[in-house]
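J.:
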Amino acid sequence: MADLLDKFARKKGHPLRPEAWRIVRCGYKIAKPKWCSSEDYSEIQRYTRRATIYNRTEAISWLQRQKSLESLGQSIEEIRLLNNIHETVKDENVRKLLLEGLKIPCVMFPLQDAFTSFYINILSIFHQKVFPEFSVMQQSDVSESDYGGYAIHPSMQAVIFGLEKSIHYHVGEIILSSKSIIEVGHLEMSGGYAHKDLPRSTWDGCCKLPIGNSYMLEEIGERFREASTETFSKLSVFSIHTYANRIELWRMHVPSCGVLQYERTHKTVVPICFEEERKCFFDFVIVLWDLMCWLLEVAEVIYKLQEEHNDSDTNVSNLSGILPSHPFTPQKEKHKKGITATYADSDPVSFLRDSIKSW
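Heads up: the sequence shown begins at 300 in the working numbering, then just goes up one per residue.
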């Protein structure tokens with residue numbers, strides 16, 4: 300694969316196309332690159348990650364059937380009340396009498412799975428901040444800062460809630476001030492909600508997002524240079540991108556020596572209207588849920604890399620050569636021309652504004 304990438308990288312074309320950086324761009328609804336055969340690309344796609352949740356629980360289906368924001372809010376409160384009763388009232392007969400007195404349907408309670416609880420948490424945030432008629436998110440021409448403040452950042456903070464011992468989410472561009480902090484992902488918002496800025500999102504997508512992820516992997520490899528290649532191959536870094544009314548989740552890892560795989564795992568609408576987009580909300584929450592689960596995996600891999608590095612006494616880098624070298628440093632004004640044509644075969648993506656970190 301590395302030889303094929305190098306062969307096409309030498310051909311005339313834009314210097315920021317993926318093969319020039321030994322990046323295999325693949326995943327959900329990503330077109331086959333020209334350098335790869337259909338058979339090989341099908342094999343690559345077989346092992347890309349996808350959404351891990353497909354079926355709605357009874358509680359989620361019940362919430363999605365609500366016809367108004369008022370009934371939705373009441374249903375959320377009923378769920379919370381029922382679960383509090385289940386946790387605090389241990390006598391089954393007393394519990395049954397309480398439920399009969401409250402006249403609340405309880406066939407789906409208590410909540411048994413973590414995803415449903417997470418779904419309700421995100422739904423509560425949107426019910427309070429995004430869906431109401433007089434919310435900023437219901438106005439025309441929603442700015443990037445309002446979009447982030449009302450919808451995206453609260454969602455990301457919910458992803459990290461309870462994980463702060465190992466993972467932090469920082470809003471805004473920051474400089475890493477400690478060697479104990481490792482960057483494992485970032486978020487780029489290409490404008491406000493429903494804003495369409497193709498040049499910006501395409502530039503961000505072809506340069507900042509994938510190349511930024513490659514620098515993350517390089518930094519981690521240098522930090523734990525005496526760790527094993529086997530453990531390093533299990534490491535992933537992530538990017539979240541919002542543009543227009545969409546959100547995407549991308550993952551980068553090292554499938555083989557000298558090659559980076561950059562795969563889109565999720566793409567969906569960011570819903571701002573409950574009545575019209577209730578079905579989209581389920582897919583939106585899955586993006587956040589899978590990101591949370593995968594970040595926990597990343598934290599475990601980093602702990603393992605650190606242990607292997609600290610236990611080694613050879614002072615020799617085991618990770619030398621596992622990552623491709625950078626052909627040059629991208630410059631926006633110099634290299635932005637022709638980017639749209641280079642990536643015209645698939646949707647644009649984007650990069651660095653806020654960071655998810657783990658140590």
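All C-beta atoms in this analysis are idealised placements derived from N, C-alpha and C, irrespective of residue type, glycine included. Predicted model only: the values in this text are computed from it and were never measured.
(1) Using a Cβ-Cβ cutoff of less than 6 Å, which residues in the same chain neighbour residue 346 once the five nearest sequence positions on both sides are dropped?
(2) My guess is that residue 567 and residue 539 are in contact by the Cβ rule of under 8 Å, so how many angstroms apart are they, rounded?
(3) Could you please give the first and the last residue of the uninterrupted beta strand (DSSP E) stretch that includes residue 522?
(4) Report the residue from 512, 595 and 616 whose alpha carbon sits nearest the alpha carbon of residue 320.
(5) How is the beta strand (DSSP E) around residue 549 delimited, first residue to last?
(6) For residue 622, which of 552, 413, 414 and 606 has the nearest alpha-carbon?
(7) Can you name the start and end residues of the beta strand (DSSP E) that residue 486 belongs to?
(8) Given a cut-off of 8 Å, decide if residue 430 and residue 579 are closer than it, judged by their beta-carbon atoms.
(9) Count the other C-beta atoms from every protein chain shown that fall within 10 angstroms of the C-beta of residue 625, then say buried if there are 16 or more, exposed otherwise.
(10) Starting from residue 399, trace the alpha helix (DSSP H) in both directions and tell me its first and last residue.
(11) Per DSSP, what are the beta-bridge partners of residue 565 in this structure?
(12) Quick check: the region 520-528 against the region 608-623, are at least 3 beta-carbon pairs closer than 8 Å?
(13) Where do the ends of the beta strand (DSSP E) carrying residue 500 lie?
(14) What does the Cβ neighbour count give for residue 560, buried or exposed, with the cut at 16 atoms within 10 Å?
(15) Roughly how many whole angstroms lie between the Cα atoms of residue 576 and residue 435?
(16) Using DSSP's beta-bridge definition, name the partner residues of residue 324.
(17) Please tell me whether residue 327 and residue 563 are closer than 8 Å, where the distance is taken between their beta carbons.
(18) From this set, 535, 449 and 611, which residue's C-alpha is nearest residue 570's C-alpha?
(19) Report buried or exposed for residue 316, applying the criterion of at least 16 other Cβ atoms within 10 angstroms of its Cβ.
(20) Using the C-alpha atoms, what's the distance from residue 509 back to residue 518?
(21) Can you give the Cα-Cα distance for residue 344 and residue 516, rounded to whole angstroms?
(22) Where does residue 602 land, buried or exposed, given buried means 16+ other C-beta within 10 angstroms?
(23) Just the Cα atoms here: how many angstroms apart are residue 333 and residue 413?
(24) Run through DSSP, which three-state label would residue 317 get?
(25) Hey, out of 331, 367, 507 and 433, whose CA is closest to residue 487's CA?
(26) Count the other CB atoms, across all protein chains shown, that sit within 10 Å of the CB of residue 587; report buried if there are 16 or more and exposed otherwise.
(27) Report, in whole angstroms, the separation of the C-beta atoms of residue 550 and residue 532, which I expect to be a contact under 8 Å.
(28) What is the DSSP secondary structure of residue 613, counted as helix, strand or coil?
(29) Can you list, in chain order, the residues of its chain whose CB lies under 8 Å from that of residue 394, leaving out five sequence neighbours each side?
(30) Roughly how many whole angstroms lie between the Cα atoms of residue 272 and residue 459?
(31) If distances are taken between C-alpha atoms only, which option among 465, 451, 442 and 349 comes closest to residue 597?
(32) Whose C-alpha, out of 607, 581, 595 and 594, is nearest the C-alpha of residue 364?
(33) If you check the beta carbons only, do residue 548 and residue 462 fall under 8 Å apart?
(34) Taking 8 Å as the threshold (C-beta atoms), are residue 500 and residue 542 in contact?
(35) Give the secondary structure of residue 414 by DSSP, where H, G and I count as helix, E and B as strand, and everything else as coil.
(36) Are residue 480 and residue 419 closer than 8 Å when you measure CB to CB?
T.: Taking the coordinates as given:
(1) none
(2) At roughly 12 Å, the Cβ-Cβ gap does not stay under 8 Å, so residue 567 and residue 539 are not in contact.
(3) Note, residue 522: premise wrong, no beta strand (DSSP E); alpha helix (DSSP H) at 508-522.
(4) 512
(5) Counting along the chain, the beta strand (DSSP E) containing residue 549 begins and ends at 545-555.
(6) Nearest option by C-alpha distance: 552.
(7) 481-489
(8) no
(9) Classification of residue 625: exposed, given that the 10 Å Cβ count is below 16.
(10) 391-401
(11) 548
(12) yes
(13) DSSP places residue 500 in no beta strand (DSSP E) but in the uninterrupted alpha helix (DSSP H) bounded by 497-502.
(14) buried
(15) 18 Å
(16) 561
(17) yes
(18) When each option's Cα is compared against that of residue 570, the closest is 449.
(19) buried
(20) Cα to Cα, the separation comes out at about 14 Å.
(21) 22 Å
(22) exposed
(23) One C-alpha to the other measures close to 42 Å.
(24) Taken through DSSP and simplified to helix, strand or coil, residue 317 comes out as helix.
(25) Of the candidates 331, 367, 507 and 433, the one whose C-alpha sits nearest the C-alpha of residue 487 is 507.
(26) buried
(27) No, residue 550 and residue 532 are not in contact; Cβ-Cβ is about 13 Å, not under 8 Å.
(28) coil
(29) 384, 385 and 388, listed in sequence order.
(30) What the structure shows of the chain is the stretch from 300 to 658, and residue 272 is not part of that stretch, so it cannot be assessed.
(31) 465
(32) 581
(33) The answer is no: Cβ separation not under 8 Å.
(34) Taking a C-beta distance under 8 Å as the contact criterion, residue 542 and residue 500 qualify as a contact pair.
(35) helix
(36) no
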